[in-house]
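*Asks:* So that we are looking at the same thing, I have put the structure below in structure tokens.
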Amino acid sequence: MEFWKYYDVTHKEHLICNPTSVEKLNGLIDLMELGPDSKVLEIATGKGEFLIRLIENYNVSGIGVDLSPYHLGDARRKAKERVPNAELKLIEMDGADYKPDEPECFDLACCLGASWIYNGHKGTLKYLMNQTKHNGLIVVGEPFWICTPSEEYFNLSELKYETYSTHLGNVQIGENLGLNLLYTFVSNSDEWDRYLGLQWYATDKYIQANPDDPDIPELLTKLNKEKYLYLNWERDTLGWAIYVFRKPK
1 MEFWKYYDVT HKEHLICNPT SVEKLNGLID LMELGPDSKV LEIATGKGEF
51 LIRLIENYNV SGIGVDLSPY HLGDARRKAK ERVPNAELKL IEMDGADYKP
101 DEPECFDLAC CLGASWIYNG HKGTLKYLMN QTKHNGLIVV GEPFWICTPS
151 EEYFNLSELK YETYSTHLGN VQIGENLGLN LLYTFVSNSD EWDRYLGLQW
201 YATDKYIQAN PDDPDIPELL TKLNKEKYLY LNWERDTLGW AIYVFRKPK
């Protein structure tokens with residue numbers, strides 16, 4: 001089953017494609033305090049909800065980059081409806097390949113939950129730093145270990161402990177790069193449950209509407225494995241936070 005089709009099916013009911021509530025997203029937007037001349041870059045913009053809300057609140061110009069044709073289609077429809085006159089570019093490409101016309105030109109650069117594009121949290125921060133003006137803002141969403149899962153989990157998930165850091169570790173990685181931590185939004189179990197539960201719900205809804213799709217067996221195999229990992233280990237061992245940093249002058 002094609003990866004982006006799987007992600008589209010499982011995230012069809014999501015407004016925000018990570019374990020963050022609307023309330024926390026709005027709190028994050030309130031902290032940004034951007035001006036109408038501000039430029040924003042979002043890597044892995046998904047359905048564009050964060051970027052579009054920033055435009056609605058601050059009238060900024062924005063660039064959203066994502067590799068999913070499904071989610072970019074959702075983002076374009078949303079932008080046409082809500083911010084039709086905005087200076088907004090939505091680009092379908094791998095974030096690793098995106099290079100702006102000039103470096104250090106954005107007032108805010110962000111990537112919420114796709115650090116794999118840059119081989120982890122540190123690589124993501126370094127990339128975003130290169131795109132952000134001095135004294136600009138950098139926002140990332142990143143998992144972290146609450147505690148260490150069992151060896152069985154690592155064998156089944158094919159993850160390594162080194163894939164993620166701790167909450168403190170995520171902060172220190174940024175600080176060691178010279179960034180100043182301003183705020184963190186840490187997700188709770190309810191937000192995780194909603195994020196995962198909506199995937200199960202959306203998949204069932206898709207199967208009910210498309211019972212003859214030949215991808216269904218593979219879809220269910222992958223989804224059920226992720227469900228098992230979450231319910232048995234990740235709900236107690238894996239956290240998620242949005243980190244707000246400032247790049248020094």
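Here my numbering is used: position 151 in the sequence shown is 151, and no number is missing along the way.
Positions of the beta carbon are idealized from the N, C-alpha and C atoms, including for glycine.
(1) From which residue to which residue does the alpha helix (DSSP H) around residue 75 run?
(2) Between residue 144 and residue 239, how many whole angstroms is the CB-CB distance? I'm expecting something under 8 Å.
(3) Would residue 182 be called buried (16 or more neighbouring beta carbons within 10 Å of its own) or exposed?
(4) In the DSSP output, what is residue 185 paired with across the bridge?
(5) Taking DSSP as the reference, what is the three-state secondary structure of residue 60?
(6) Can you check whether the CB of residue 69 is closer than 8 Å to the CB of residue 116?
(7) Check residue 108 in the structure and name its three-state DSSP category.
(8) I'd like to know whether the C-beta atoms of residue 96 and residue 88 end up nearer to each other than 8 Å.
(9) So residue 174 is in the alpha helix (DSSP H); what residue range does that whole segment cover?
(10) Considering only the alpha carbon of each residue, which of 146, 195, 106 and 162 lies closest to residue 135?
(11) Tell me which residue opens and which closes the beta strand (DSSP E) that residue 223 is part of.
(12) Mind listing, in chain order, the continuous alpha helix (DSSP H) runs of no fewer than 4 residues lying wholly within the region 104-157?
(13) Using only CA atoms, which one of 184, 176 and 159 lies nearest to residue 167?
(14) Flag this pair as touching only if the region 12-26 and the region 232-248 have three or more C-beta atom pairs under 8 Å; answer yes or no.
(15) Distance check for residue 32 and residue 43, CA to CA, integer angstroms please.
(16) For residue 141, tell me which candidate among 110, 64 and 128 has the shortest Cα-Cα distance.
(17) I need the straight-line Cα distance from residue 148 to residue 199, nearest angstrom please.
(18) Around the C-beta of residue 221, are 16 or more other C-beta atoms found within 10 angstroms, so that it is buried, or is it exposed?
(19) Among 194, 247 and 71, which has the Cα closest to the Cα of residue 227?
(20) Label residue 161 either buried or exposed according to how many other C-beta atoms from any shown protein chain fall within 10 Å of its C-beta, with 16 as the threshold for buried.
*Replies:* According to the structure shown:
(1) Mapped onto the sequence shown, residue 75 falls at position 75. Counting along the chain, residue 75 sits inside the alpha helix (DSSP H) bounded by residues 69-82.
(2) Indexing the sequence shown from 1 puts residue 144 at position 144. Indexing the sequence shown from 1 puts residue 239 at position 239. 5 Å between Cβ atoms; contact.
(3) To locate residue 182, count along the sequence shown from 1; it is residue 182. With fewer than 16 other Cβ atoms inside 10 Å of its own Cβ, residue 182 counts as exposed.
(4) Locating residue 185 in the sequence shown gives position 185, counting from the first residue. Paired residues: 242.
(5) Translated into positions along the sequence shown, residue 60 becomes position 60. If DSSP states are grouped into helix, strand and coil, residue 60 belongs with coil.
(6) For the purposes of this step, residue 116 is identified with residue 116 of the sequence shown, where counting begins at 1. For the purposes of this step, residue 69 is identified with residue 69 of the sequence shown, where counting begins at 1. Cβ atoms of residue 116 and residue 69: not closer than 8 Å.
(7) For the purposes of this step, residue 108 is taken as residue 108 along the sequence shown, with counting starting at 1. Strand at residue 108.
(8) One-based indexing of the sequence shown puts residue 96 at position 96. One-based indexing of the sequence shown puts residue 88 at position 88. For the 8 Å CB-CB criterion, residue 96 and residue 88 do not form a contact.
(9) Your numbering for residue 174 matches position 174 in the sequence shown. Run containing residue 174: 167-176, per the alpha helix (DSSP H) assignment.
(10) Reading the sequence shown from its first residue, position 135 is the one you call residue 135. That would be 106, whose Cα lies nearest to the Cα of residue 135.
(11) Stepping through the sequence shown from its first residue, residue 223 is reached at position 223. Unbroken run through residue 223 is the alpha helix (DSSP H), 216-229; no beta strand (DSSP E).
(12) Inside the region 104-157, DSSP marks whole alpha helix (DSSP H) runs of 4 or more residues at positions 121-131 and 151-157, from first to last along the chain.
(13) The residue given as residue 167 occupies position 167 in the sequence shown. With respect to the C-alpha of residue 167, the residue from 184, 176 and 159 having the closest C-alpha is 184.
(14) Yes, the region 12-26 is in contact with the region 232-248.
(15) The residue you call residue 43 lines up with position 43 of the sequence shown. The residue you call residue 32 lines up with position 32 of the sequence shown. Near 17 Å, if we compare the C-alpha coordinates of residue 32 and residue 43.
(16) By 1-based counting over the sequence shown, the position of residue 141 is 141. Taking only the C-alpha atoms, the option nearest residue 141 is 110.
(17) Position 148 of the sequence shown holds residue 148. Position 199 of the sequence shown holds residue 199. Cα to Cα, residue 148 sits roughly 25 Å from residue 199.
(18) Position 221 of the sequence shown, counted from the start, is the residue given in the question as residue 221. Looking at its Cβ environment, which holds fewer than 16 other Cβ atoms inside 10 Å, residue 221 is exposed.
(19) Start at 1 with the first residue of the sequence shown, and residue 227 comes out as number 227. Of the candidates 194, 247 and 71, 194 places its Cα closest to the Cα of residue 227.
(20) To locate residue 161, count along the sequence shown from 1; it is residue 161. Under this definition residue 161 is an exposed residue.
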